[in-house]
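In UniProt numbering, the protein residues as written are 1 to 429.
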């Protein structure tokens with residue numbers, strides 16, 4: 001390869017390097033330096049590594065777009081890093097070419113040195129030391145670049161795992177919320193059934209009271225009929241009957257109150273509905289309706305009883321047996337209603353126990369959901385902190401890569417300057 005060919009190859013490689021102004025001040029080498037000071041100015045402006053534009057709001061946009069956009073950006077960054085690696089490979093090839101060129105130039109210098117008594121050893125030693133230091137810097141920067149790529153890949157895997165864990169926790173939270181809604185609707189159904197049973201119990205109690213009143217009226221009618229024979233005996237019997245009736249009523253009501261389950265101390269609250277207010281409104285309305293119906297039936301029964309009393313007064317002899325039968329039948333009906341009332345009371349107690357169990361389960365689920373929400377918030381805060389830390393490390397890696405690219409360009413310029421200096425020495429010789 002002659003000198004013209006090398007010169008044309010050198011012109012071809014200069015198109016890859018940006019035009020920069022370099023001033024090299026040579027002096028005595030000091031410790032920790034290359035033996036010269038350089039200052040360079042570039043026309044690259046705000047370009048980052050490899051000509052990639054880095055706007056001031058890029059990282060803020062990364063944090064706003066979220067983890068989903070981050071994945072796409074990471075793919076683009078990987079492609080850019082691959083492009084940079086390819087460019088670095090081409091640069092290494094060009095460096096090797098320049099090393100071959102330097103070897104050839106050194107051979108030519110050796111020929112010239114043998115021809116003329118000129119001592120180039122100091123210049124050669126200086127250039128060789130500087131080239132060796134430049135090679136070491138290139139190797140160190142390449143190793144640091146590989147470490148940075150490995151860190152970026154590890155951070156990307158960590159972000160993906162955190163995203164999967166967050167999606168799993170959100171799915172569990174949705175399942176628990178759906179379960180609570182179904183439990184709430186089931187509790188509402190049980191409460192409606194409980195209210196219906198209470199209304200039925202109240203209706204049975206009203207019917208029992210009416211039958212008790214009819215029984216009392218029958219007893220009073222018998223007492224009045226017997227009063228025709230003996231007024232004092234009839235009055236005594238009437239008083240005894242009334243006392244017995246009142247005692248039975250008191251005992252029955254006492255037993256009923258003892259068997260009735262106590263009302264819950266705290267009002268059950270359903271989302272969007274005050275159960276206590278709803279129950280009081282429905283209860284007052286039901287009491288008014290029952291009172292009106294009771295008054296109507298009482299008037300009808302009073303009229304019916306008066307008619308029957310008039311007929312029985314006319315047929316006292318023939319109606320005594322029938323009255324006794326009706327009295328027995330009324331007692332049987334009363335016993336039957338009492339048994340039904342006791343069965344309803346046990347069913348109400350069972351429903352209330354089931355309602356309490358469902359409420360306890362619902363409170364447990366609420367506590368579980370609160371714990372999961374707290375854990376989710378803590379993991380979310382940790383994820384955001386980790387995300388901020390990764391963004392800071394990414395910015396540091398980008399800045400480090402930019403410094404590496406600047407150092408690479410500086411080394412390219414130094415090699416170009418060394419080549420021109422060698423050519424100048426050759427031309428001078």
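All C-beta atoms in this analysis are idealised placements derived from N, C-alpha and C, irrespective of residue type, glycine included.
Using a threshold of 8 Å, state whether the C-beta atoms of residue 81 and residue 149 are closer than that. yes
Pull up the distance between the alpha-carbon of residue 90 and that of residue 415, whole angstroms please. 16 Å
Alpha carbon to alpha carbon, how far is residue 421 from residue 145? Give it in angstroms, no decimals. 31 Å
Taking Cβ positions, are residue 401 and residue 134 nearer each other than 8 Å? no
With burial defined as no fewer than 16 other Cβ atoms inside 10 Å of the residue's Cβ, what is the status of residue 487: buried or exposed? Past the boundaries of the shown model lies residue 487; the chain is included only from 1 to 429, so the question cannot be answered.
Can you give me the Cβ contacts of residue 409 inside the same chain, cut-off strictly under 6 Å, excluding the 5 residues immediately before and after it? none
Would you please state the rounded distance, in angstroms, between the beta carbons of residue 333 and residue 197? I believe it to be under 8 Å. Incorrect: roughly 21 Å between the Cβ atoms, too far for contact.
Could you check how far apart the C-beta atoms of residue 183 and residue 372 are, in whole angstroms? I think they sit under 8 Å. Going by Cβ atoms, the distance from residue 183 to residue 372 rounds to 16 Å, so no, they are not a contact pair.
In whole angstroms, give me the CA-to-CA distance for residue 215 and residue 285. 29 Å
Quick one: residues in its chain with C-beta nearer than 6 Å to the C-beta of residue 98, no 5 flanking neighbours on either side, listed in chain order? 415
Would the beta-carbon of residue 340 fall within 8 Å of that of residue 194? no
Where does residue 394 land, buried or exposed, given buried means 16+ other C-beta within 10 angstroms? buried
For residue 173, which residues from the same chain have a beta carbon less than 8 Å from its beta carbon, with the 5 sequence-adjacent residues on both sides left out? 369, 372, 373, 376
Which ranges would you report for the beta strand (DSSP E) in the region 108-177 if only whole runs of at least 3 residues count? none
Tell me whether residue 325 is buried or exposed, calling it buried when 16 or more other Cβ atoms sit within 10 Å of its Cβ. exposed
Is it buried or exposed, residue 384, if we count other Cβ atoms within 10 angstroms and call 16 or more buried? exposed
What residues in its chain sit with their C-beta under 7 Å from that of residue 423, if we drop five residues either side in the sequence? none
Cutting at 6 Å between CB atoms, please list the residues of its own chain near residue 201, excluding the five before and the five after it. 344
With C-beta atoms as the reference, is residue 141 less than 8 Å away from residue 407? yes
Which class does residue 416 belong to by DSSP, given the choice of helix, strand or coil? helix
Excluding the 5 residues preceding and the 5 following residue 362 in the sequence, name in chain order all residues of the same chain whose CB lies nearer than 8 Å to its CB. 180, 183, 184, 187
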